[in-house]
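A.B. asks: Numbering (full-length UniProt numbering), first residue to last: 1 to 257.
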């Protein structure tokens, strides 16, 4: 199982939409076995897949009370089936905020390796685990980064994004002690067809500190509607421009991982 974390500390870049779309295409269209892990206390990807429960079990219990950490829960007990046959999910809710506080108080070396230990239990059951990370570099996200094979950083095409991307590069370097093979790749999003956007895109791609996907995801009004309808974009609109771009991104992923 390859673990793909989707994260950016800037909002409004299409992070959760990217997580949900990649999971759907890899699972439902390409017939891989996909596990989604919701590592964002807002639980947005859980909402898109119809499993959000403000009082339900999920990521908080995985990190606080998993059997690998002396707790009562196995990973399998915390996984829920979505309405899509090849996609299952570990949901999240607001209790994840408390989990982050609790983990900060734990003075044990394994406090940043709990997600890794929990994933080892189901590693042979899935082909991919897609993790939708929160905006903060909190204990939940640090656990995910310690386990991830690849970090996808969605970034809107624009000059202010470079600083956020470079911050991500620096932060990932600090995780080499826990995960020496971690890789990062930038996914340019919300592309518009005009001269200025194309110039900025070219400038962003020329930076040496990070690597970009060849595909850039085009801006789509349909994509924005899909979030209001609480559905992954490819399930809501199979043929919109952004869906086609996410399919191309998934083809790139399969070749790389």
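Glycine is no exception: its CB is placed at the ideal position from the N, C-alpha and C atoms. Computed from a predicted model, the values in this text were never measured in an experiment.
1. Select from 48, 105 and 43 the residue whose C-alpha is nearest the C-alpha of residue 55.
2. Do you know whose CA, among 173, 88 and 243, lies nearest residue 127's CA?
3. Let's test the definition: count the other Cβ atoms within 10 Å of the Cβ of residue 186 and tell me whether it reaches 16, buried, or not, exposed.
4. Who does residue 156 pair with in a DSSP beta bridge?
5. State the Cα-Cα distance for the pair residue 190 and residue 15, rounded to the nearest angstrom.
6. Taking the alpha-carbon positions, what's the residue 219 to residue 19 distance?
7. Is it right to say residue 94 is buried, meaning 16 or more other beta carbons lie within 10 angstroms of its own, or is it exposed?
8. Let me know the secondary structure DSSP gives residue 247 once reduced to three states.
9. In terms of alpha-carbon separation, which member of 196, 147, 67 and 160 lies closest to residue 183?
10. With H, G and I counted as helix, E and B as strand and the rest as coil, what does DSSP make of residue 206?
11. Can we say the region 98 to 106 touches the region 157 to 168, given the rule of at least three CB pairs closer than 8 angstroms?
12. Given this structure, state the Cα-to-Cα distance separating residue 23 from residue 36, to the nearest angstrom.
13. For residue 210 and residue 117, what's the separation of their Cα atoms in angstroms?
14. What's the gap between the Cα of residue 240 and the Cα of residue 222?
15. Could you check the C-alpha separation between residue 254 and residue 103 for me, to the nearest Å?
16. If I follow the unbroken alpha helix (DSSP H) through residue 171, where does it start and stop?
17. Which residues share a DSSP beta bridge with residue 9?
18. Does residue 132 come out as helix, strand or coil in the three-state DSSP assignment?
19. Taking DSSP's pairing of strands, which residues face residue 38 in a bridge?
20. Is it true that the region 193 to 211 meets the region 139 to 159, where meeting means three or more beta-carbon pairs spaced less than 8 angstroms apart?
21. In angstroms, rounded to a whole number, what distance separates the CA positions of residue 233 and residue 67?
22. Which one of 11, 132, 143 and 151 has the shortest CA to CA distance from residue 257?
23. Please say whether residue 58 and residue 38 have beta carbons closer to each other than 9 angstroms?
C.D. replies: Quick look at the numbers:
1. 43
2. 88
3. buried
4. According to DSSP, residue 156 bridges with 189.
5. Near 11 angstroms, if we compare the C-alpha coordinates of residue 15 and residue 190.
6. Residue 219 and residue 19 have their C-alpha atoms roughly 16 angstroms apart.
7. With fewer than 16 other Cβ atoms within 10 Å, it is exposed.
8. helix
9. 147
10. coil
11. Segments in contact, no.
12. 7 angstroms
13. 29 angstroms
14. Looking at the two C-alpha atoms, the distance is approximately 7 angstroms.
15. A direct Cα-to-Cα measurement between residue 254 and residue 103 gives close to 34 angstroms.
16. 161 to 173
17. Per DSSP, none; premise fails for residue 9.
18. strand
19. 132
20. Flag = yes, the region 193 to 211 and the region 139 to 159 touch.
21. 35 angstroms
22. 151
23. In this structure, residue 58 lies closer than 9 angstroms to residue 38 by Cβ.
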